[in-house]
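Here the protein sequences line up with chains A and B, keeping their order. Under the numbering used here, think of the first position of the first sequence as 6, with each following residue one higher. Under the numbering used here, think of the first position of the second sequence as 7, with each following residue one higher.
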Amino acid sequence: MRGLTLSAAAGEVVALVGPSGCGKTTALGIVAGLDRAFDGVVEVGPRPDGGPARLGYVFQEPRLLPWRSVRQNLALVLPRAQRRGPAVDAMLAALELTPFADRFPTQLSLGMARRVALARAFVVDPDLLLMDEPFVSLDEPTALRLRGLLSQLLDRRPATVLLVTHNLREALALADRLLLLAPSPGRVVAEVPLSVPRAARDDATIEVLRRDLLSRPEPAFRLLA
Amino acid sequence: MRPALTSMVMPVASILLLLAVWQGAALAIGGRLLPGPLPVADALLREAQSGALFHHMGATLLRVLAAFALAMSIGVGLGLPMGRSPFIDRLFGPWLVFSLNLPALVVIVLAYVWFGLTEAAAIGAVAVNKIPNTVVLVRAGARAIDEGLIDMARVYRLSPADRLRHVLLPQLTPTIAAAARSGLALIWKIVLVVELLGRSDGVGFQINLLFQTFDVAGILAYTIAFVAVVQLLEYGVLQPVERHCQRWRRLPAEA
Numbered sequence: 006m007r008g009l010t011l012s013a014a015a016g017e018v019v020a021l022v023g024p025s026g027c028g029k030t031t032a033l034g035i036v037a038g039l040d041r042a043f044d045g046v047v048e049v050g051p052r053p054d055g056g057p058a059r060l061g062y063v064f065q066e067p068r069l070l071p072w073r074s075v076r077q078n079l080a081l082v083l084p085r086a087q088r089r090g091p092a093v094d095a096m097l098a099a100l101e102l103t104p105f106a107d108r109f110p111t112q113l114s115l116g117m118a119r120r121v122a123l124a125r126a127f128v129v130d131p132d133l134l135l136m137d138e139p140f141v142s143l144d145e146p147t148a149l150r151l152r153g154l155l156s157q158l159l160d161r162r163p164a165t166v167l168l169v170t171h172n173l174r175e176a177l178a179l180a181d182r183l184l185l186l187a188p189s190p191g192r193v194v195a196e197v198p199l200s201v202p203r204a205a206r207d208d209a210t211i212e213v214l215r216r217d218l219l220s221r222p223e224p225a226f227r228l229l230a
Numbered sequence: 007m008r009p010a011l012t013s014m015v016m017p018v019a020s021i022l023l024l025l026a027v028w029q030g031a032a033l034a035i036g037g038r039l040l041p042g043p044l045p046v047a048d049a050l051l052r053e054a055q056s057g058a059l060f061h062h063m064g065a066t067l068l069r070v071l072a073a074f075a076l077a078m079s080i081g082v083g084l085g086l087p088m089g090r091s092p093f094i095d096r097l098f099g100p101w102l103v104f105s106l107n108l109p110a111l112v113v114i115v116l117a118y119v120w121f122g123l124t125e126a127a128a129i130g131a132v133a134v135n136k137i138p139n140t141v142v143l144v145r146a147g148a149r150a151i152d153e154g155l156i157d158m159a160r161v162y163r164l165s166p167a168d169r170l171r172h173v174l175l176p177q178l179t180p181t182i183a184a185a186a187r188s189g190l191a192l193i194w195k196i197v198l199v200v201e202l203l204g205r206s207d208g209v210g211f212q213i214n215l216l217f218q219t220f221d222v223a224g225i226l227a228y229t230i231a232f233v234a235v236v237q238l239l240e241y242g243v244l245q246p247v248e249r250h251c252q253r254w255r256r257l258p259a260e261a
């Protein structure tokens, strides 16, 4: 990856789309401060209240602590004083996880585990949300259901989102703007703003948008096929 | 035979066989050199009735527990950073090799020479004998830690204490349990040596006295009593604690 520049406005959902190996995950790691070999600048603005921005991260694998219950997995990412507060239970309820609160991650299906990972990212009340293929390797109905839940959460509590995906439909369903990336070196080759509001995008609209992108003649869009 | 029945009958049969072999050997050799199970039981009863058994066993047990706690906490405290940081590992690696090869007797004698015939010297010397082994085990466990969870902890800004308690230590539980089990077995044997060399109570001290009067029945009585207590610790404390820490592994998956 070289000379990669990307920016997102507050509350904007930006999808990074591209084939594997073009540095999408690396880019998220850099923004999160996980990449020590990174040479460059990451600027994250402050919260509306002036405090430092809070970060939520949904990894490619759920990365839950297998030895802690679902409730504890959510509580642990909160400051100690808030762990027993209502935030955890409210988030569990919002994602319909209340019946699973005392289960351990080893008892959950992948879809449920991904849902818990989503709840954990939102329970910190994030300003910046990094999502790395959050719904990959799920069956289509489960993925659809989780995309819907994510949409609802973002409607209720907008956050700036960087969504890494190789699923064009997913990007078109969720993002305000698409960045198409190409490999070696990883770089942005095209930018696609989406003007239709997220709530108004039904399956038919998404399909029209998708066909339109796939039919564009520029080489950048040929990577999508 | 059904498996459940076998698992109950076989240990009993094994112990009965051991007693029979012992009795046979005692009959063959005879006399005070190798008393049979009955004279040893007799000696055990005698020591228990006089109160000496409980006094000395209690003193030894306290030393075992103190040395065990010391060795485990220092061993984890050194092994974890060595497993996580190649720099610290290279810096202290040679120290570890050196201390792994230090004979227990040398450590004990030097501790008594440098710090006097004190309780602290005795317990410290025992702990020092176990620490390198714990460090090696914990270091290996720390090297195998899941980096994905470490990244998760960093992203969500978990405090160092929370990282240790909720991310690192749970992954080290199998390692620490293995170190604890081998540690208990090693430590109680070394405690007897420090007692023999420089304490005025404890099972080691008592065995020295009995040795001077060639009271083999007494020596065997103390040995059996102490082996029983250590087994009780293993099955009554260590294994239940380990099972509790690992309970998430055995939960049935949801359909």
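Yeah, the Cβ is synthetic: ideal placement off N, Cα and C, and Gly gets one too.
Give the range of the beta strand (DSSP E) segment to which residue i is assigned.
i: residue 137 of chain A; result: 133 to 137
i: residue 69 of chain A; result: Taken as a continuous stretch (DSSP letters only), residue 69 of chain A belongs to no beta strand (DSSP E), as it is neither H nor E.
i: residue 182 of chain A; result: 182 to 187
Is residue j closer than 8 Å to residue i when the C-beta atoms are compared?
i: residue 210 of chain B; j: residue 197 of chain B; result: yes
i: residue 73 of chain A; j: residue 172 of chain B; result: yes
i: residue 63 of chain A; j: residue 159 of chain A; result: no
i: residue 2 of chain A; j: residue 173 of chain A; result: The question about residue 2 of chain A has no answer, for chain A in this structure spans 6 to 230.
i: residue 102 of chain A; j: residue 88 of chain A; result: no
i: residue 59 of chain A; j: residue 130 of chain A; result: yes
i: residue 61 of chain A; j: residue 118 of chain A; result: no
i: residue 28 of chain A; j: residue 186 of chain A; result: yes
i: residue 175 of chain A; j: residue 152 of chain A; result: yes
i: residue 252 of chain B; j: residue 179 of chain B; result: yes
i: residue 184 of chain A; j: residue 11 of chain A; result: yes
i: residue 182 of chain A; j: residue 8 of chain A; result: no
i: residue 186 of chain B; j: residue 78 of chain B; result: yes
i: residue 81 of chain B; j: residue 144 of chain B; result: yes
i: residue 254 of chain B; j: residue 67 of chain A; result: no
Please report the residue range of the alpha helix (DSSP H) in which residue i lies.
i: residue 243 of chain B; result: Element bounds for residue 243 of chain B: n/a, residue is neither H nor E.
i: residue 152 of chain A; result: 145 to 161
i: residue 225 of chain A; result: 224 to 227
i: residue 234 of chain A; result: This structure cannot settle anything about residue 234 of chain A, because the visible part of chain A is limited to 6 through 230.
i: residue 76 of chain A; result: 75 to 80
i: residue 32 of chain A; result: 29 to 37
i: residue 83 of chain B; result: 58 to 90
i: residue 173 of chain B; result: Residue 173 of chain B -> no alpha helix (DSSP H), and no H or E assigned at all.
i: residue 125 of chain A; result: 115 to 128
i: residue 118 of chain B; result: 110 to 121
Grab me the residues of residue i's own chain with a C-beta within less than 6 Å of its C-beta, minus the 5 sequence neighbours each way, in chain order.
i: residue 83 of chain A; result: none
i: residue 65 of chain A; result: 137 and 138
i: residue 240 of chain B; result: none
i: residue 106 of chain A; result: 75, 76 and 97
Leaving out five residues before and five after residue i in sequence, what residues of the same chain have Cβ atoms less than 7 Å from its Cβ?
i: residue 261 of chain B; result: Only weak support exists for where residue 261 of chain B lies, its pLDDT of 39 falling under 50; the coordinates are left without a value.
i: residue 117 of chain B; result: 127, 130 and 131
i: residue 227 of chain B; result: 46, 49, 50 and 53
i: residue 72 of chain B; result: 129
i: residue 108 of chain A; result: 74 and 75
i: residue 76 of chain B; result: 129 and 133
i: residue 111 of chain A; result: 71
Chain A beta carbons: is any one of them nearer than 8 Å to that of residue i?
i: residue 157 of chain B; result: yes
i: residue 164 of chain B; result: yes
i: residue 172 of chain B; result: yes
i: residue 1 of chain B; result: In this structure chain B extends from 7 to 261, so residue 1 of chain B is not present and cannot be described.
i: residue 161 of chain B; result: yes
i: residue 23 of chain B; result: no
i: residue 86 of chain B; result: no
Check whether the Cβ of residue i lies closer than 8 Å to any Cβ atom in chain B.
i: residue 64 of chain A; result: yes
i: residue 127 of chain A; result: no
i: residue 71 of chain A; result: yes
i: residue 37 of chain A; result: yes
i: residue 112 of chain A; result: yes
i: residue 82 of chain A; result: yes
i: residue 109 of chain A; result: yes
i: residue 89 of chain A; result: no
i: residue 167 of chain A; result: no
i: residue 25 of chain A; result: no
Leaving aside the five residues before and after residue i along the sequence, list all residues of the same chain whose C-beta is less than 8 Å from its C-beta, in chain order.
i: residue 14 of chain A; result: 165
i: residue 105 of chain B; result: 134, 137 and 138
i: residue 210 of chain A; result: 201
i: residue 168 of chain B; result: 159
Notebook entry, point to check: Can you find at least 3 beta carbon pairs, one from the region 182 to 199 of chain B and one from the region 134 to 143 of chain B, that sit closer than 8 Å?
Noted result: Contact annotation: the region 182 to 199 of chain B touches the region 134 to 143 of chain B, with at least three C-beta pairs closer than 8 Å.
Margin query: Between the region 117 to 128 of chain B and the region 155 to 167 of chain B, can you find at least three pairs of beta-carbon atoms closer than 8 Å?
Written below: The region 155 to 167 of chain B, when compared against the region 117 to 128 of chain B, does not touch it at the 8 Å Cβ threshold.
Check: Is the number of C-beta pairs between the region 159 to 167 of chain A and the region 16 to 31 of chain A that are closer than 8 Å three or more?
Finding: Short answer: they touch.
Item checked: Inter-stretch contact at 8 Å, needing at least 3 Cβ pairs: the region 188 to 206 of chain A / the region 38 to 53 of chain A -> Contact fails: fewer than three Cβ-Cβ distances are below 8 Å.
Check: Are there three or more Cβ pairs, one per stretch, closer than 8 Å when the region 188 to 197 of chain A is compared with the region 20 to 29 of chain A?
Finding: Cβ pair count under 8 Å is three or more, so yes.
Notebook entry, point to check: Does the region 39 to 49 of chain B come within contact of the region 213 to 232 of chain B, defined as at least 3 CB pairs closer than 8 Å?
Noted result: When Cβ pairs closer than 8 Å are counted between the two stretches, the region 39 to 49 of chain B is seen to touch the region 213 to 232 of chain B, the count reaching three or more.
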